[in-house]
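What follows is one structure encoded as C-alpha cells, with my remarks underneath.
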C-alpha cells in the first residue's frame, strides 16, 4: 500500500480479511529464521560435538545482543505507521532515515566491541579449551554482519509500518535460502572451494545478512525516499523507547532463565521435560507474535490518523483472533502430547512432563492475549506502561519461583508460576484498553479530519 492520500484503509471495509492477509506473511517471515537455524545445526552436527557446541554458544550470544536492539524495529514501525496514518511522508522519511543511521552506527560499533568481547562472552557461557577457540572464531566472523542485521531490523519496521508485510517475507525467505545453500558449499567445500567448517557457516550467515540489508534498504528508500534532515529529538525518542524495551526484554529473559534454573535444580529429568515444553511454547509464540506485529501496525496507523474508534475496533479484532488462535494452539498441544513426549522427552521424564505440559497447553489463550496487547500498546507508543507491567509480573513470578525453589519444587509448580506470570501481563494489557486504567490513550476520541494532507 503506497503512502498516498487516497482511499480508505482496507481494514475499515474488510477487517478480518485484512488482518489475516497481513498476519500470514509476518508469520512465515518469523518462521524462516528458526528453520534456517535448524538446518545450520544439522550441517554443523556433521563436524562433531565441539563445532556444534560452539555454534550453540555463538548463536546464543549473538541473538541475545541483537535482541537488545529490537527497539530499532519496534519504534520505527510505530512511528512510520503513525506518520502513514497521518499522511505525513516527511515524518516517515525522517524516522526511517534516523533509524537506519542509528542502526549502521550501532552495527559498526558492535563489530569492534564484539571482536574484543567474543573471548569473555564465550568464557561467560562456560566454553573452554578448543570449544572456546572455535566459538570465538565463529562469533568474530558473525560480528561483521551486525550492521546488516540492525539495518534490516529497522527497514523491516519501516516496511511493516507502511503495512507492507510481504516484502520482509520475501527477503527473509530468500536470505535464509541463500544461507542454507552457502552452508552446504562453505562448510563442506565444493570443487575448487575448500571446506571452511564452522567458519563457513559464519560466512554464509554474514553474506546472507548483507544481501538482505541491501534489498531491504533499496525497497524502503524507493518507497519513502531519502530524509532531508535528521532531528536529534527523534533520536532521543528512539533511545527512550530502547531503554524501556531493554528493561522489559531483560526482565522477560530473567524470568525465563529463572524457570529453567528452577527446573534444572529439581533434577535432570525435570530439566529435560522443561526444555521440551519450552521449545514448543516458544514455537507457538511465533503464531501469536504475527498478530501482535500486525496489530501494532494497524493501531499505529489509525492513531496517526486520529481515528481512535477504528484503533479500538482493530484492538478488539486482533484480541479476538489471537484468543481464538491461542485456543487452537492449546488444543493442538493437548492432542499432540504423546507425539511430543515420544520425540523430545526421555522416558524417565515422562511422568514429570504430563502435568506441566497440561498447564502450558491451557495457558495458550492467556498467552495469546498477552502477546496481542503487547503489540497493541506498541502501536500507541505505550512502552513505559509495558515496561512497568513486566516489572510487576516478573517481580511476582520471580518471588514465587524463589519460594518454590526453597520448599518443594516441582516442574508443574514452575509452569503454574509461568501461567501466573502470563496472566498478570494479559490482564494489565486488556484493562489498559478497557476500561482504560491510568492515563490510557485508548479513551481518546476521534480527531477532526485535517484540512489538508501532506503527500509523500
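Residue numbers (the numbering used here): 1 to 456.
Using N, Cα and C, we set each Cβ at its ideal position, and we do this for glycine too.
To the nearest whole angstrom, what separates the beta carbons of residue i and residue j, a pair I think is in contact under 8 Å?
{"i": "residue 74", "j": "residue 157", "result": "7 Å"}
{"i": "residue 379", "j": "residue 295", "result": "6 Å"}
{"i": "residue 287", "j": "residue 339", "result": "Not quite, the Cβ-Cβ distance comes to about 18 Å (not below 8 Å), so this is no contact."}
{"i": "residue 96", "j": "residue 224", "result": "5 Å"}
{"i": "residue 72", "j": "residue 29", "result": "Wrong, their Cβ atoms sit about 17 Å apart, outside the cutoff."}
{"i": "residue 465", "j": "residue 41", "result": "This structure cannot speak to residue 465, because the chain is shown only from 1 to 456."}
{"i": "residue 180", "j": "residue 209", "result": "Rounded, the Cβ-Cβ distance is 14 Å, inconsistent with contact."}
{"i": "residue 322", "j": "residue 291", "result": "5 Å"}
{"i": "residue 183", "j": "residue 204", "result": "5 Å"}
{"i": "residue 34", "j": "residue 198", "result": "19 Å between Cβ atoms; not a contact."}
{"i": "residue 76", "j": "residue 300", "result": "That belief does not hold up - the Cβ atoms of residue 76 and residue 300 are roughly 11 Å apart, past 8 Å."}
Would you identify the three-state DSSP class for residue i, choosing helix, strand or coil?
{"i": "residue 6", "result": "Its pLDDT being 39, under 50, residue 6 is placed unreliably by the model, and the measurement read from it follows with that caveat. Coil."}
{"i": "residue 433", "result": "helix"}
{"i": "residue 339", "result": "helix"}
{"i": "residue 298", "result": "helix"}
{"i": "residue 190", "result": "strand"}
{"i": "residue 263", "result": "helix"}
{"i": "residue 461", "result": "Because the chain spans 1 through 456 in this model, residue 461 falls outside it and cannot be assessed."}
{"i": "residue 234", "result": "helix"}
{"i": "residue 333", "result": "helix"}
{"i": "residue 453", "result": "The predicted position of residue 453 is uncertain, since its pLDDT is 36 and thus under 50; a value taken from the coordinates is nonetheless stated next. Coil."}
{"i": "residue 142", "result": "helix"}
{"i": "residue 226", "result": "coil"}
{"i": "residue 127", "result": "coil"}
{"i": "residue 283", "result": "helix"}
{"i": "residue 289", "result": "helix"}
{"i": "residue 312", "result": "helix"}
{"i": "residue 116", "result": "helix"}
{"i": "residue 87", "result": "coil"}
{"i": "residue 352", "result": "helix"}
{"i": "residue 219", "result": "helix"}
{"i": "residue 183", "result": "helix"}
{"i": "residue 147", "result": "helix"}
{"i": "residue 1", "result": "Note that residue 1 scores 47 on pLDDT, short of 50, meaning its location in the model is unreliable and no value can be drawn from it."}
{"i": "residue 163", "result": "coil"}
{"i": "residue 307", "result": "coil"}
{"i": "residue 365", "result": "helix"}
{"i": "residue 197", "result": "coil"}
{"i": "residue 440", "result": "coil"}
{"i": "residue 153", "result": "helix"}
{"i": "residue 346", "result": "coil"}
Does the Cβ-Cβ distance between residue i and residue j come in under 8 Å?
{"i": "residue 196", "j": "residue 421", "result": "no"}
{"i": "residue 190", "j": "residue 98", "result": "no"}
{"i": "residue 155", "j": "residue 232", "result": "no"}
{"i": "residue 352", "j": "residue 270", "result": "yes"}
{"i": "residue 16", "j": "residue 293", "result": "no"}
{"i": "residue 84", "j": "residue 304", "result": "yes"}
{"i": "residue 446", "j": "residue 306", "result": "yes"}
{"i": "residue 206", "j": "residue 141", "result": "yes"}
{"i": "residue 361", "j": "residue 333", "result": "yes"}
{"i": "residue 260", "j": "residue 418", "result": "no"}
{"i": "residue 245", "j": "residue 383", "result": "yes"}
{"i": "residue 358", "j": "residue 263", "result": "no"}
{"i": "residue 200", "j": "residue 211", "result": "no"}
{"i": "residue 377", "j": "residue 429", "result": "yes"}
{"i": "residue 235", "j": "residue 356", "result": "no"}
{"i": "residue 70", "j": "residue 173", "result": "no"}
{"i": "residue 432", "j": "residue 385", "result": "yes"}
{"i": "residue 116", "j": "residue 217", "result": "no"}
{"i": "residue 68", "j": "residue 249", "result": "yes"}
{"i": "residue 253", "j": "residue 364", "result": "no"}
Based on Cα-Cα distance, which residue from the options lies nearest to residue i?
{"i": "residue 542", "options": "264, 279, 387, 16", "result": "No statement about residue 542 is possible, as the shown extent of the chain runs from 1 to 456 and does not include it."}
{"i": "residue 215", "options": "416, 64, 148, 447", "result": "148"}
{"i": "residue 134", "options": "53, 144, 164", "result": "53"}
{"i": "residue 20", "options": "270, 314, 185", "result": "314"}
{"i": "residue 477", "options": "273, 153, 325", "result": "Because the chain is modelled from 1 through 456, residue 477 falls outside the range shown and cannot be assessed."}
{"i": "residue 276", "options": "372, 173, 18, 354", "result": "354"}
{"i": "residue 26", "options": "274, 167, 397, 370", "result": "167"}
{"i": "residue 61", "options": "204, 183, 126", "result": "126"}
{"i": "residue 120", "options": "222, 136, 180", "result": "136"}
{"i": "residue 65", "options": "160, 301, 110, 398", "result": "110"}
{"i": "residue 106", "options": "217, 51, 242", "result": "242"}
{"i": "residue 444", "options": "87, 172, 311", "result": "311"}
{"i": "residue 238", "options": "192, 364, 341, 94", "result": "94"}
{"i": "residue 389", "options": "151, 427, 115, 265", "result": "427"}
{"i": "residue 221", "options": "92, 171, 279", "result": "92"}
{"i": "residue 228", "options": "89, 46, 373", "result": "89"}
{"i": "residue 341", "options": "374, 402, 319, 278", "result": "278"}
{"i": "residue 375", "options": "188, 161, 350", "result": "161"}
Could you name each continuous alpha helix (DSSP H) segment of 4 residues or more that falls completely within the segment 22-85, going from the start of the chain to the end?
Correct list: 49-68, 71-85.
Curious, which full-length alpha helix (DSSP H) runs of at least 4 residues does the segment 370-437 contain?
Segments of the alpha helix (DSSP H) lying fully in the segment 370-437: 383-406, 411-433.
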